[in-house]
Amino acid sequence: SWVRTQAAGARCVFSVCTGALILGAAGLLKGRRATTHWASFHLLPFFGAIPVDERVVKHENFVFAAGVTAGIDAALHVAADLCGDEVAKAVRLYMQYAPEPLFDSGSPKTAPPAMVEAARGSANAITAKREQTARRVAKRLGIDVTHLGVVRDAPFGRSSL
307 SWVRTQAAGA RCVFSVCTGA LILGAAGLLK GRRATTHWAS FHLLPFFGAI
357 PVDERVVKHE NFVFAAGVTA GIDAALHVAA DLCGDEVAKA VRLYMQYAPE
407 PLFDSGSPKT APPAMVEAAR GSANAITAKR EQTARRVAKR LGIDVTHLGV
457 VRDAPFGRSS L
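In structure tokens form, the structure reads like this:
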């Protein structure tokens, strides 16, 4: 209830990585476009969210960052929205944010399939627990998830909703 209370009066609600699942458990994702870490992306419909396969998703006063590094991109969006583009550009300069990744394996779309499967396999235990929790929360929120099944093995962890 604390999360719902804070969100109700917030100018901006900012979620990074699986923080979207906390917002979902609070009942704040129903009908909202949202994203989260790729390994939990398939859980968004359990909370009534509209899953969007992007690094940063903005819906009304909610801003979602897919993963931890997407949090920097999302924070710059928030800075621009709240303080203007010039302030956001200055923040980016000051933090010297000019990514030059060593490898092009930062998402399931670009990483080799075997690497994605290995990463997914190493997260199976926590993902299964998150799925169980998501099902309980969906029931509490009155969201029918019988059609969802377990879809974490789909590309990018998504179902074909």
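Residue 307 is where the sequence shown starts when you use the numbering used here, and the numbers rise one by one after that.
Where is the CB? At the ideal position from N, CA and C, for every residue including glycine.
Computed from a predicted model, the values in this text were never measured in an experiment.
Of the listed residues the options, nearest to residue i (C-alpha basis)
i      : options                        : result
Val384 : Phe368, Phe353, Thr375         : Phe368
Phe347 : His365, Cys323, Gly333         : Cys323
Leu374 : Gly412, Ser307, Leu408         : It should be pointed out that residue 374 corresponds to Val in this sequence rather than to Leu. The option with the nearest alpha carbon to Val374 is Gly412.
Gly427 : Arg339, Gln312, Leu329, Ala345 : Ala345
Asp450 : Asp410, Leu349, Arg310, Lys395 : Leu349
Arg339 : Thr311, Ala332, Gly354, Ile328 : Gly354
Buried or exposed by the 16-neighbour rule on C-beta atoms within 10 Å, applied to residue i
i      : result
Phe370 : buried
Ile432 : exposed
Ser506 : The question about residue 506 has no answer, for the chain in this structure spans 307 to 467.
Distance between residue j and residue i (C-alpha atoms, nearest Å)
i      : j      : result
Phe400 : Arg442 : Here residue 400 is Tyr; the residue named in the question, Phe, does not match the sequence. In a straight line, the C-alpha of Tyr400 is about 44 Å away from that of Arg442.
Val422 : Pro414 : 6 Å
Ala396 : Leu334 : 32 Å
Collapsed DSSP secondary structure at residue i in the structure displayed
i      : result
Met453 : The sequence given here has His at residue 453, not Met. Three-state result, His453: coil.
Val374 : coil
For residue i: DSSP bridge partner residues
i      : result
Arg339 : Ile356
Near the ligand MG: residue i beta-carbon under 8 Å from a heavy atom
i      : result
Gln402 : Looking for the ligand MG in the displayed structure turns up nothing, as the structure carries no ligands at all.
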